[in-house]
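Here's the structure we're looking at; comments come further down.
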Amino acid sequence: MTENNEQKIILNVGGVKYETYRSTLTKYPETLLGVMFSSRNEELLHPTNENEYFFDRNGNAFRYIMTFYRTGKIQLSPLLLTSRNPPS
1320 MTENNEQKII LNVGGVKYET YRSTLTKYPE TLLGVMFSSR NEELLHPTNE NEYFFDRNGN
1380 AFRYIMTFYR TGKIQLSPLL LTSRNPPS
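Take the numbering used here: the last position of the sequence shown gets the number 1407, and nothing is skipped along the way.
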């Protein structure tokens, strides 16, 4: 049997699916994903399918978040740093 930390998790972010391990998401325990997927909150999670969780967010932008969780480095696209509609 697979240990809980090596459980595969599918994050469906705006229709883009990311497959990772629970241990990857809990590597940074103070982050939102770290808290959500910690063992202490396991009973609060409700997958849409087996080990799949849906987030209504920008799936393409989320890849930069996953890169951080996997590598510990922040890589941003210049397009994400440009605001088309600055706040008024």
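Using N, Cα and C, we set each Cβ at its ideal position, and we do this for glycine too.
| Asked | Found |
| --- | --- |
| DSSP beta-bridge partners of F1374 | V1332 |
| Beta-carbon proximity list for K1392, same chain, < 6 angstroms, skipping 5 on both sides | none |
| Range covered by the alpha helix (DSSP H) that runs through G1391 | Looking at the DSSP string, G1391 is not in any alpha helix (DSSP H), and its letter there is neither H nor E. |
| Proximity below 7 angstroms, CB of E1371 to CB of I1329 | yes |
| Expected contact under 8 angstroms - CB spacing of L1344 and Y1383 to nearest Å | Not confirmed; about 15 angstroms, so no contact. |
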